[in-house]
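Asker: Before I ask anything, here is the structure I am working with.
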Amino acid sequence: MRWLLALVLTFSSFSAVAESQFYGELQLGVHGVQHSDLDFYPGFASGSVGVYVRPNIGVELFYDRATSKAREEDFEIEVNEASGIAARFESPSQRGLQAYVLLGYVTYSINQYSTLTSPRQLAKENFTGARISLGLAKTFDRYRNMQLVFEYRNYDVDAPLRVDGFGIGLRVKLL
Amino acid sequence: MKLASLLNVSLLALSALALSACEGDARDLTEPVEASRLNLASLRIVPPAGSNSPLTVNPDELISFSLEARNTANQVIDIASTNRRWSVSDASIATINQDGFFTGLLEDEVDIYVSIGDVLAPPLTVEVSFGVLSEIGEIEGAPQLQQCIAQTYSADGIFTDNSSRNLDTVSWSLEPTESGSISVDEESGAVTLTGTTPGAITLTATSDGISGSRVLNIDSSLESIALTDGLSLAANGALQLVAQGSYMGQVEAVDISSAVAWSITQGTDQADVSNTGLLSGKAEGSVVVQAACGADTSASATLTITPEITQLVAEDGTDVDLNVGEIVQLQIATGAIYDEDNDVTRFATWDIVGLDESVASVSNASGSKGRITGLTRGEVTVRAIYQNESIDFIIDVN
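Protein chains in written order, with our numbering: chain A, 89 to 263; chain B, 22 to 419.
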């Protein structure tokens with residue numbers, strides 16, 4: 089229901105601001121997953137599409153997919169999938185450099201494999217919570233519609249579990 | 022709707038989602054790790070202490086369950102019973118929360134389940150049935166008591182639905198009252214009875230105005246009590262006294278310190294003694310302490326109360342270097358400068374500070390107190406406590 093409400097409002101925004109600029113972004117990164125005094129660092133790839141609904145304010149949909157598992161003690165973990173919607177708030181550009189904040193809603197699943205058993209035992213759990221990202225974007229001198237981005241993200245859930253990560257990626261302003 | 026307000030609503034909706042929509046149970050991930058680290062092999066659901074089988078409860082009655090866990094070596098291990106995924110076979114008959122608190126709703130049988138990781142406890146069946154106490158059934162426990170050795174008793178009730186249930190709200194009484202003492206466990210309703218005077222006694226349980234009694238016999242097998250004489254204690258210190266009871270037909274003496282009646286017969290200005298035998302010094306002098314069981318069996322000991330201890334000192338300083346596998350004897354004395362005559366190494370309590378006992382071990386056993394052994398490289402603090410004073414040693418294992 090929350091998804092439906094957010095999507096309706098988002099796409100209403102899109103249609104109401106037809107002159108706005110769309111953008112897409114691809115990132116590769118490493119999640120940090122911490123629980124039970126264990127730290128896992130599985131890899132991920134992330135893609136997002138969005139639209140600037142005001143100068144330096146955008147709304148975007150994102151989707152992450154695991155690229156690698158990480159092992160600690162007798163367990164392997166991957167952040168299997170993550171998806172959601174977020175609002176982007178960017179600072180004005182200074183010499184092609186912008187800071188930004190993403191605030192949004194994320195739903196994600198974690199797969200945890202026990203390597204003690206054969207076949208490996210899978211524990212899978214879905215989480216929903218807030219996505220908070222802080223990042224820097226540098227506009228290429230030659231390609232003014234492209235930016236190199238560095239981002240820290242945190243998928244905050246009310247549980248004894250911490251999921252965050254660092255990503256590096258490329259953002260392209262489409263229109 | 023105007024563009025600006027539409028945007029504001031969108032962003033507001035996103036913010037609200039982000040702040041309010043936390044879901045997910047991390048126990049799916051944390052419990053397998055916990056089970057692996059504990060080598061968890063089996064779980065058992067433990068009903069309230071003294072419960073009868075089958076366990077019968079009234080609708081709306083709240084009872085709590087706990088967990089007993091065993092590792093692969095079949096040893097009982099400590100494990101939390103709260104914040105677990107407790108469940109029942111039919112939520113219309115009863116509910117159970119994640120801390121193991123169960124409430125009956127409707128009359129019927131219901132099974133309780135719980136698991137940690139992939140280790141499942143066998144289900145425990147509970148009968149939810151409405152019943153009112155009609156009579157006190159059996160008072161369970163040994164028929165015969167030894168003087169000053171505590172025994173535990175519990176009462177079962179017969180209910181109007183013909184069920185037999187352990188009674189957890191019971192008032193207990195003893196007749197004659199001077200023949201012993203009772204201590205009630207408020208949680209289970211059980212009573213701990215310590216008989217002091219040989220002969221017959223009547224133990225009575227009363228619940229909801231209904232009473233039931235059982236006659237018990239206190240035997241006269243306690244032959245003597247022994248207290249260690251000649252001990253000393255600082256005026257600002259405390260000392261746990263031990264009363265050993267010798268029983269007819271038993272080779273080993275029994276520690277009956279918590280059952281005897283302690284008193285100071287001489288020197289009440291010099292020390293106090295608690296009802297468990299903890300002697301607390303007050304002023305220099307001597308005291309005579311008595312431990313008695315009933316009117317006929319007692320023992321006394323004279324103790325010296327020495328001047329207050331203001332500090333402890335180590336023989337060779339408090340920074341100790343040793344190698345892995347090396348053994349070093351630590352020595353302490355009272356006073357500002359180490360003096361062999363004031364050595365209290367053998368009287369102190371020795372322990373590792375903190376939970377990490379992998380770097381070094383320290384002996385607290387009689388004959389080897391204060392002896393440390395290097396186990397692995399690292400640093401650890403060893404603390405010696407003597408009569409409320411303590412001294413720390415920094416142990417560096419190379």
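Beta carbons: idealized from backbone N, C-alpha and C, even for Gly.
Any contact between the segment 200-219 of chain B and the segment 126-135 of chain B? By contact I mean 3 or more CB pairs, one from each, below 8 Å.
Answerer: no
Asker: So the candidates are B/L59, B/I277, B/Y268, B/M269; which of them puts its Cα closest to the Cα of B/L262?
Answerer: Ranking B/L59, B/I277, B/Y268, B/M269 by Cα distance to B/L262 puts B/I277 first.
Asker: Could you check whether the Cβ of A/E148 sits closer than 8 Å to any Cβ belonging to chain B?
Answerer: no
Asker: Since B/P144 meets chain A, which of its residues come closer than 9 Å, beta carbon to beta carbon?
Answerer: Result: empty, since nearest Cβ-Cβ is about 22 Å, beyond 9 Å.
Asker: Starting from B/S57, find everything on chain A with Cβ-Cβ shorter than 8 Å and list it in chain order.
Answerer: Here the neighbours are E161, D162, F163, S202, L204.
Asker: Please specify which runs of the alpha helix (DSSP H), each continuous and at least 4 residues long, are wholly inside the segment 221-302 of chain B, giving them in chain order.
Answerer: none
Asker: Between B/A259 and B/N409, how many whole angstroms is the CB-CB distance? I'm expecting something under 8 Å.
Answerer: Yes, B/A259 and B/N409 are in contact; Cβ-Cβ is about 6 Å, under 8 Å.
Asker: Taking all protein chains shown into account, do 16 or more other C-beta atoms lie within 10 angstroms of the C-beta of B/V236, making it buried, or fewer, making it exposed?
Answerer: exposed
Asker: Would you tell me roughly how many angstroms separate the C-alpha atoms of B/E148 and B/D139, rounded to the nearest one?
Answerer: 27 Å
Asker: Does A/E213 get closer than 8 Å to chain E when you measure Cβ to Cβ?
Answerer: The question asks about chain E, but that chain is absent: this structure's protein chains are A and B.
Asker: Run through chain A and tell me which residues come within less than 7 Å of B/L141, C-beta to C-beta.
Answerer: Within 7 Å Cβ-Cβ: nothing; B/L141 doesn't reach chain A, min ~14 Å.
Asker: Within the segment 121-195 of chain B, note down every full beta strand (DSSP E) run reaching 3 residues or more, in order along the chain.
Answerer: Runs of the beta strand (DSSP E) inside the segment 121-195 of chain B: 122-125, 129-134, 145-149, 154-161, 172-180, 185-187.
Asker: Compare the C-beta of A/V245 against all C-beta atoms of chain B and say whether one is closer than 8 Å.
Answerer: yes
Asker: Given that a residue counts as buried once 16 or more other Cβ atoms are within 10 Å of its Cβ, and exposed if not, what is B/T355?
Answerer: buried
Asker: What is the residue span of the beta strand (DSSP E) that B/L61 lies within?
Answerer: 61-67
Asker: Pull the bridge partners of B/W371 from the DSSP assignment, please.
Answerer: According to DSSP, B/W371 bridges with B/A405.
Asker: Going along the chain, which residues of its own chain have a beta-carbon closer than 7 Å to the beta-carbon of B/Q350, five neighbours each way excluded?
Answerer: G391, R392
Asker: Locate the beta strand (DSSP E) running through A/R250, then write down its first and last residues.
Answerer: 250-261
Asker: Going by CA-CA distance only, name the one from B/V153, B/I416, B/E361, B/N363 that's closest to B/E378.
Answerer: B/I416
Asker: Thinking C-alpha only, which one of B/A335, B/N344, B/D342 is nearest B/A369?
Answerer: B/A335
Asker: List, in order along the chain, the chain B residues whose C-beta lies closer than 7 Å to that of A/H123?
Answerer: A47, L50, T51
Asker: In this structure, does DSSP put B/E208 in helix, strand or coil?
Answerer: coil
Asker: Cβ of A/E239 within 8 Å of Cβ of A/Q109?
Answerer: no
Asker: With H, G and I counted as helix, E and B as strand and the rest as coil, what does DSSP make of B/L50?
Answerer: Correct three-state label for B/L50: helix.
Asker: Is it right to say B/Q172 is buried, meaning 16 or more other beta carbons lie within 10 angstroms of its own, or is it exposed?
Answerer: buried
Asker: Under the three-state reduction of DSSP, which class applies to B/R398: helix, strand or coil?
Answerer: coil
Asker: For B/C43, which residues does DSSP report across the bridge?
Answerer: None; B/C43 has no bridge partner.
Asker: Tell me, please, whether the CB atom of B/C314 is closer than 8 Å to any CB atom in chain A?
Answerer: no
Asker: Closest by CA to B/G158, which one among B/L141, B/A142, B/L188?
Answerer: B/L188
Asker: What does DSSP give as the partner residue(s) for A/Q200 in the beta ladder?
Answerer: A/I165, A/A211
Asker: With which residues is B/Q77 paired in a DSSP beta bridge?
Answerer: Checking the displayed sequence, the identity of residue 77 of chain B turns out to be Thr instead of Gln. DSSP output for B/T77 lists B/E148 as bridge partner(s).
Asker: Check the DSSP bridge columns for B/I100 and list the partner residues they point to.
Answerer: According to DSSP, which records beta bridges pairwise, B/I100 is partnered with nothing at all.
Asker: Any idea if B/L254 is buried or exposed, counting beta-carbon neighbours within 10 angstroms, 16 or more meaning buried?
Answerer: buried
Asker: Of all the options B/G395, B/L299, B/G315, which has the alpha carbon lying nearest to the alpha carbon of B/V341?
Answerer: B/G395
Asker: In terms of alpha-carbon separation, which member of B/P80, B/V78, B/I100, B/N95 lies closest to B/E52?
Answerer: B/I100
Asker: Compute the distance between the beta-carbons of A/V242 and A/I220, then report whether it is under 8 Å.
Answerer: Strictly speaking, residue 242 of chain A in this sequence is Asn, with Val absent from that position. Yes, the Cβ-Cβ distance between A/N242 and A/I220 is below 8 Å.
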